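Residue 1 is where the sequence shown starts when you use UniProt numbering, and the numbers rise one by one after that.
Glycine residues also receive a C-beta, built at the ideal position from the N, C-alpha and C atoms.
A quick note: this is a predicted structure, and the numbers were derived from the prediction, not measured.
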Amino acid sequence: MARGDLRTWLTDATVPKRWTVEKVHIAADIIEALLYVHSFQPALVHRDLKSRNVLLANDMHAKLCDFGIARFKSTQQTMTIAMGTGLWIAPEIIACRRDYDQFADIYSFGVVLSELDTHQLPYEDVKAPNGDPLPEFGIMYRVGEGSLRPSFSPHCPSPILDLANRCLSFDPTNRPTAIEVAHSLGMIQRWINK
1 MARGDLRTWL TDATVPKRWT VEKVHIAADI IEALLYVHSF QPALVHRDLK SRNVLLANDM
61 HAKLCDFGIA RFKSTQQTMT IAMGTGLWIA PEIIACRRDY DQFADIYSFG VVLSELDTHQ
121 LPYEDVKAPN GDPLPEFGIM YRVGEGSLRP SFSPHCPSPI LDLANRCLSF DPTNRPTAIE
181 VAHSLGMIQR WINK
């Protein structure tokens, strides 16, 4: 799409670091796409939500793309293959749990919220004991055991941070549904427009 992907847009120095109406609209567009695919019976799980898979139109509407590894969640089958891109993967997928579902996408959405907030790749600020960046394997290990979450800026508005923390819950049953996230974002949109 005309403006490229969300990751590229966030690296543009002219994009404000603070939360803007535009950023909240991007988040709302992403969750609307998840709400749509999660409403299928059975639910379609994207399994690779990340900033590179969000395309931006000229009018800054966001579109979710790359459904290449998406799968329908069947009640008779379990999703046994860990899919996705390392830094955005939910803990239950890292831990090779057989029963992950659409709440894994909600976790990945929480990671994307951290990117919208910091403009950095997730966990970019995490260091190994020697001060070097922690390798992706180390990050995934800590995420899988529940001891690491993506960082947010000190200036992240509390309603957005609260929503992100719910999305990033280690226990998938404590994460909100896509419709609950959409409702929260609607309230945040009204708040940020004031």
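May I have the straight-line CA-CA distance separating residue i from residue j, to the nearest angstrom?
i, j, result
"A164", "G138", "22 Å"
"T57", "W9", "Reading off the sequence, residue 57 comes out as Ala, not Thr. Cα to Cα, the separation comes out at about 11 Å."
"P150", "Q41", "31 Å"
"D117", "R7", "12 Å"
"D162", "N130", "32 Å"
"L55", "C65", "7 Å"
"V24", "I89", "22 Å"
Please work out which residues of its chain come closer than 8 Å, Cβ to Cβ, to residue i, disregarding the five sequence neighbours upstream and downstream, and give them in chain order.
i, result
"G22", "This sequence places Glu at residue 22; Gly is not what is there. Contacts found: M60."
"A182", "A28, I31, E32, L35"
"T173", "F103"
Tell me, please, which residues DSSP counts as bridged to residue i.
i, result
"residue 196", "Absent from the structure is residue 196, since the part of the chain shown begins at 1 and ends at 194."
"K127", "P133"
"D5", "L55"
Which two residues bound the contiguous alpha helix (DSSP H) that contains residue i?
i, result
"R142", "136 to 145"
"E22", "21 to 38"
"W191", "178 to 192"
"D162", "158 to 167"
Looking only at its own chain, which residues have a Cβ that is under 6 Å from the Cβ of residue i, when we skip the five neighbours before and after it?
i, result
"L113", "A164"
"H38", "Q102, A178"
By Cβ distance below 7 Å, which residues in the same chain neighbour residue i in space, the five residues on each side in sequence not counted?
i, result
"A2", "A57, N58"
"A95", "G144"
* Asked: Using 8 Å as the threshold, is the segment 33 to 48 in touch with the segment 95 to 109, meaning 3 or more CB pairs across them?
  -> yes
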